[in-house]
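Take a look at the structure set out below.
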Amino acid sequence: MSARPDPEPCRAQDLGLFEVVTCDGAARIGRLHTRHGALNTPMLLPVVNPNLRTIEPREMWERYGVEALITNSYVIWKHDDLREQALADGIHTLLDFPGVVVTDSGAFQSYVYGDVEVGAEEIVAFQRDIGVDIGTMLDVFGRPDMSRSELEHSVEETAARAELSLDTAGQKLLLNGPVQGGLHDDLRARGGILMGSAAGQHRGFAVHPIGGIVPLMERQRYRELFRILLAARSTIPPNRPIHLFGCGHPLLFPMTIALGADLFDSAAYAIFARDDRLLTPTGTVKLADIREWPTHSAALFGHEPDAVRAMRSDERSTLLAHHNLEVTQAELARCREAIRNGTIWQLAEQRSHATPQLRDAFLWVLEQLDELADDPIGDSVLNLMASTNPVRSGGEHLSDDVGMRPHILHLHALLSMRWRVPGSWWDGSEDGPERTVLIEGAAPPWRDSALGAVVSALVDEPRSVVLVSTPL
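Okay, so the sequence shown: first residue is 0 according to numbering that gives the first Met the number 0, each after it adds one.
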């Protein structure tokens, strides 16, 4: 098989622009233009540790179609040999990856290990100097368990660093503008406003990651994860992609994409493999517990579970990492195709039954669609519903949740706003209706198959409201 060609840089005037190709409600297929080709969304950025490459970046590009990856600029900056090589040859040569390179700034390391040793301006300048495509400013990480005052400081201090970071980025480095705020809807919405309106000498932020969510995912607190996404999305500019920092399990892709997420990143493909765990679209499976593969992949083809268990640890973890990355890419492809077909919400419905925690979170979202509260959550779900095309081709797969699908709710809203009792009737009278007639069992085209029944109903009682029942 011939090698995949290297990407073409975008036109200078297109750098940083996000083009929405198609959408289904809040879910969208987009194209972010960079100096190393277009980044097509929804997309996962596999995390690559320069010191521990379970799968080589070049292989990700050529074998799995990975268009972009993410690595940590703070790790590279902190290690002298990596820093010197990156400054001399560039980040793409260091990683041997021709596509889009995204870097984190070290804020998460600050959360895990304590204060980082580099300043906000210095780390952005370093990302610029090593040729990163999309860098990240040094934000202030906000944990879900922090007090409100601490989270307010996280939002305000991150925003205070925005202009300097954007100016330092220069003309070529695109920058992530993280949105913090913990579990407070209003702080997430304020973070979206502040970061969305921040501007430097050359441009504003190109992407808006939603930070501080890893602790929630570690504890399967998916209801709060979805709440944060909806609150932040209510004020983030719609012409910029949203990145869920640290989210990368296939289980969460359909629902988070349906709620408006565009980009994901994770090292789960490698971390889970080292722990002998396999990713599937509906959860995680331990290698020790299976006799047959629950999900197939090219990586596992020709291998039996017993044979894989008998492999050396390093050989086994590499094989499972390839499987995990392949499954992750396949689920994202499934989501993109669902957006094209207008079925992303139905896919999210199906996946919601995978775990009790995810089902609970999905039902909470349905409650928000029903209530439409006057707050950031309500604004976001109203926008989601209003942007969903109510006109669909083909049939509708039935489920217990069918009546709460956004396009069905949109259709109900349009009927309630636009349908009116006729001002006059078949016989020319102008009084109120006498009856409502529902015609069932007719086949499309209904204007032909139901015409006789409609005429008969109106002849029998001219002041009839005639409705034709059509299947979903």
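Positions of the beta carbon are idealized from the N, C-alpha and C atoms, including for glycine.
In this structure, the beta-carbon distance from H152 to H207 does not fall below 8 Å.
Rounded to whole angstroms, the Cβ separation of T40 and L31 is 7 Å, and the two are in contact under 8 Å. Residue state for F17 is assigned as strand, using DSSP reduced to three classes.
Counting along the chain, F263 sits inside the beta strand (DSSP E) bounded by residues 262-265.
In the three-state reduction of the DSSP assignment, T102 falls in the strand class.
Here the alpha carbon of L299 sits roughly 11 Å from the alpha carbon of A306. The segment 197-206 and the segment 155-164 touch, with no fewer than 3 CB-CB distances between them shorter than 8 Å. The Cβ atoms of A456 and V467 do not sit closer than 8 Å to each other. Distance between D447 and G181, taken at the CA atoms: about 57 Å. Note on the segment 218-250: whole alpha helix (DSSP H) runs with a minimum of 4 residues are 221-232, in chain order. Ranked by Cα distance from L346, the options G15, R333, I235 are led by R333. For L357, the three-state secondary structure derived from DSSP is helix. Nearest to R218 by alpha-carbon distance, out of A168, P143, D261, A231, is P143. A distance below 7 Å between beta-carbons, with the five flanking residues on each side excluded, links D374 to the following residues of its chain, in chain order: D184. If you draw a straight line from the Cα of G211 to the Cα of R187, it is about 11 Å long. Under DSSP, P45 shares a beta bridge with S265. Here the segment 318-338 makes contact with the segment 273-281; the two share three or more CB pairs at distances below 8 Å. According to the DSSP assignment, K285 belongs to no alpha helix (DSSP H) but to the beta strand (DSSP E) extending over 282-285.
For the 8 Å CB-CB criterion, I75 and P97 do not form a contact. When rounded, the separation of the alpha-carbon atoms in L365 and G130 is 44 Å. In the DSSP assignment, S463 falls within the beta strand (DSSP E) that extends over 463-467. A87 and N71 have their alpha carbons spaced roughly 18 Å apart. Counted as a single uninterrupted DSSP element, the beta strand (DSSP E) harbouring N39 occupies residues 36-40.
The continuous stretches of alpha helix (DSSP H) do not include I54, and DSSP gives it neither H nor E. In this structure, the beta-carbon distance from R434 to E460 falls below 8 Å. DSSP, read as helix, strand or coil, puts H207 in strand. DSSP links H32 through a beta bridge to A37. R391 is not bridged by DSSP to any residue. In the DSSP assignment, G134 falls within the unbroken beta strand (DSSP E) covering 133-135.
Cβ-Cβ separation between H409 and T387: approximately 5 Å, consistent with a contact (criterion under 8 Å).
Per the C-alpha coordinates, the member of G141, G341, A11, P293 positioned closest to G393 is G341.
Inclusion of V178 and M194 in the CB contact set at 8 Å is warranted, their separation being smaller than that value. Closest in C-alpha terms to I133, from the list S428, S398, H35, S265, comes H35. For A67, the enclosing beta strand (DSSP E) begins and ends at 67-71.
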